[in-house]
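**Student:**
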Amino acid sequence: MKPVIHSNPIRKRALPLDRTLYRLRYRVECFFHDLKHFRAVATRHDKTATSYLAVLHVASMLLWLRSSGTAPSPSPPADR
Numbered sequence: 001m002k003p004v005i006h007s008n009p010i011r012k013r014a015l016p017l018d019r020t021l022y023r024l025r026y027r028v029e030c031f032f033h034d035l036k037h038f039r040a041v042a043t044r045h046d047k048t049a050t051s052y053l054a055v056l057h058v059a060s061m062l063l064w065l066r067s068s069g070t071a072p073s074p075s076p077p078a079d080r
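For the sequence shown, position 3 (counting from the first letter as 1) is numbered 3 according to the UniProt record's numbering, and the numbering increases by one without interruption.
#1: For Ala49, count neighbouring C-beta atoms within 10 Å of its own C-beta (all shown protein chains included) and say buried if the count is 16 or more, exposed if not.
#2: Helix, strand or coil for Asp34? Go by DSSP, reduced to three states.
#3: So the alpha helix (DSSP H) Leu56 belongs to, where does it begin and stop?
#4: State the start and end residues of the unbroken alpha helix (DSSP H) segment that holds Ala40.
#5: Within 10 angstroms of the Cβ of Ala59, are there 16 or more other Cβ atoms? Answer buried if so, exposed if not.
#6: State the CB to CB distance for the pair Asp34 and Leu53, rounded to an integer number of angstroms; the pair is presumed to be in contact (CB under 8 Å).
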């Protein structure tokens, strides 16, 4: 694995930065940030690794559908 970070701005000679890898790293970080908004993923309520992996798959599919614009929009809460 290769570290992909910006060099310190006060450094006299800037270190090279691979912008393509930096963009990919940013997308992965944003994905994990969005994934943690799912309560079951963030708190890990599942007992087995298999069921936790299933929750990760469902959450990932929902994020993918939401980003592609084909997911159903969340309905407003019903009046009780």
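For every residue, glycine included, the Cβ atom is placed at its ideal position computed from N, Cα and C.
**Tutor:** Inspection of the coordinates gives the following:
#1: exposed
#2: helix
#3: 49–68
#4: Per DSSP, Ala40 belongs to the alpha helix (DSSP H) from 39–43.
#5: Under this definition Ala59 is a buried residue.
#6: Not really, about 18 Å apart at Cβ, beyond 8 Å.
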